[in-house]
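Undergrad: The structure under discussion is supplied below as structure tokens; questions concerning it will follow.
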Amino acid sequence: MCCASNRSNPAGGSSANGLTADECLANGLCMNVLTYRNSAGESSTNTTYWRNQCTISDWKNNGCLNVCTKGSTPSGGSDFSSKMTSCDGTANSTTWCCGDDSSCCNTSSAITIAQKLGEHSSTSTSLLISSSTSTSLISSLTSSSTSSSSSSSQLSGGAIAGIAVGSVLGAIAFLAIIYFSFVRWKKKRIQRENEAEGLAINLRPGSRPQELENHIQTIGMRRSVTHEKATGPQDIRAELPSEPVGRTVD
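If you read the sequence shown in numbering that gives the first Met the number 0, its first letter stands for residue 0, the second for the next number, and so on.
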């Protein structure tokens, strides 16, 4: 493996001075940091990672990273290099993608690189699997949560419609109760007024209640029947002499 660490423009130098020197990382990658000015005149830093050339013809040798070598045919050394992208944005990431984007990070195409060149990468692989599983689980939970939220929204809409209909029916029932109560009260009031008017007519001066009038007529008839007698001999009265009682006549 050979990084371009012998350039005169140091790592992090200005792009105005040409290419900057690479830094060799413990994981076998080369890191290049370049400072430049954008169109607005502001200073920015660009960091890139590379799997650089290998000085031997066999990529399987532990002296070189055997990653992103597809299409490479080394012969007595290789001038083939590949740009690498960190999945977590750091130089010591254990998960990488070939090229300049991170679209492979959550897929089976992601590449696992040990943090130190030559070390077994089983731990890194486990971390990758765990990360992928966690990501899938999170995606599944998010999808379920979205579906649940959608269902809750639909249920909430149905519940709101039910409440609205129930409120309208309740209002109609309440108004009906008030209406029928008013009609009943009005009928009773008219009945009481009629009864009071009839009583007032019977009790006004110069008039007698019909029951009293009938009673008086009945009593009068009984009296007339009792005092009327047929005249006969027994009814003839005798008159006494007008002389004083006890006086003797000479």
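Cβ atoms here follow ideal geometry from the backbone N, Cα and C, with glycine treated the same way.
Predicted, not measured: the structure shown is a model, and the values here were computed from it.
Can you tell me where the beta strand (DSSP E) with C29 in it begins and where it stops?
TA: Translated into the one-based positions of the sequence shown, residue 29 becomes position 30. First-last of the beta strand (DSSP E) with C29: 29-36.
Undergrad: Along the chain, where does the beta strand (DSSP E) containing L50 start, and where does it finish?
TA: If you number the sequence shown from 1, residue 50 lands on position 51. First, the residue type needs correcting, since residue 50 is Arg and not Leu in the sequence shown. Taken as a continuous stretch (DSSP letters only), the beta strand (DSSP E) holding R50 covers 42-50.
Undergrad: Is D21 buried or exposed, if buried means 16 or more other CB atoms sit within 10 Å of its CB?
TA: The sequence position of residue 21 within the sequence shown is 22, counting from 1. Classification of D21: buried, given that the 10 Å Cβ count is 16 or more.
Undergrad: In angstroms, rounded to a whole number, what distance separates the CA positions of S123 and G11?
TA: To locate residue 123, count along the sequence shown from 1; it is residue 124. To locate residue 11, count along the sequence shown from 1; it is residue 12. Note that S123 has pLDDT 42, beneath the 50 cutoff, so the model's placement of it is unreliable and no number is given.
Undergrad: Within 10 angstroms of its Cβ, does P9 collect 16 or more other Cβ (buried), or is it exposed?
TA: Start at 1 with the first residue of the sequence shown, and residue 9 comes out as number 10. Exposed: under 16 other Cβ atoms inside 10 Å.
Undergrad: Is the separation between the beta-carbon of N51 and that of S85 shorter than 9 Å?
TA: In the sequence shown, residue 51 corresponds to position 52, counting from 1. In the sequence shown, residue 85 corresponds to position 86, counting from 1. No.
Undergrad: Cβ of R191 less than 9 Å from any chain D Cβ?
TA: Among the chains of the structure shown, chain D does not appear; only one protein chain is present.
Undergrad: On the DSSP letters alone, give me the boundaries of the beta strand (DSSP E) that E22 sits inside.
TA: Locating residue 22 in the sequence shown gives position 23, counting from the first residue. E22 -> beta strand (DSSP E) spans 21-23.
Undergrad: Which residue marks the beginning of the beta strand (DSSP E) containing S7, and which one marks its end?
TA: The sequence position of residue 7 within the sequence shown is 8, counting from 1. First-last for S7: undefined, no H or E at that position.
Undergrad: Among all the DSSP beta bridges, which residues are the ones paired with S85?
TA: Translated into the one-based positions of the sequence shown, residue 85 becomes position 86. According to DSSP, which records beta bridges pairwise, S85 is partnered with W95.
Undergrad: Taking I110 as the reference, give the member of L18, C67, D99 with the closest Cα.
TA: As a working mapping, residue 110 is identified with position 111 in the sequence shown. The shortest C-alpha separation from I110 is found at C67.
Undergrad: Considering only DSSP beta bridges, list what T68 is partnered with.
TA: Translated into the one-based positions of the sequence shown, residue 68 becomes position 69. Answer by DSSP bridge pairing: none, since T68 is not bridged.
Undergrad: Opposite S13 in the DSSP bridges: which residues?
TA: Locating residue 13 in the sequence shown gives position 14, counting from the first residue. Partner(s): T34.
Undergrad: Quick check: the Cα distance between T134 and C104, rounded to an integer number of angstroms?
TA: Mapped onto the sequence shown, residue 134 falls at position 135. Mapped onto the sequence shown, residue 104 falls at position 105. In this prediction, T134 has a pLDDT of 48, which is less than 50 and means its spatial position is unreliable; what the coordinates show is noted afterwards. Spanning the two alpha carbons is a distance of roughly 10 Å.
Undergrad: Hey, T19 and N31 are a contact pair by Cβ (cut 8 Å); roughly how many whole angstroms apart?
TA: Counting from one through the sequence shown, the residue named residue 19 turns up at place 20. Counting from one through the sequence shown, the residue named residue 31 turns up at place 32. Going by Cβ atoms, the distance from T19 to N31 rounds to 6 Å, so yes, they are a contact pair.
Undergrad: Would you say M83 and L28 are within 9 Å of each other, going by their C-beta atoms?
TA: To locate residue 83, count along the sequence shown from 1; it is residue 84. To locate residue 28, count along the sequence shown from 1; it is residue 29. Yes, Cβ-Cβ distance for M83 and L28 is below 9 Å.
Undergrad: For G17, which residues of its own chain have a beta-carbon under 8 Å away from its beta-carbon, when the five flanking residues on both sides are left out?
TA: Walking along the sequence shown from the start, residue 17 turns up at place 18. Hits under 8 Å: R6, S7, N8.
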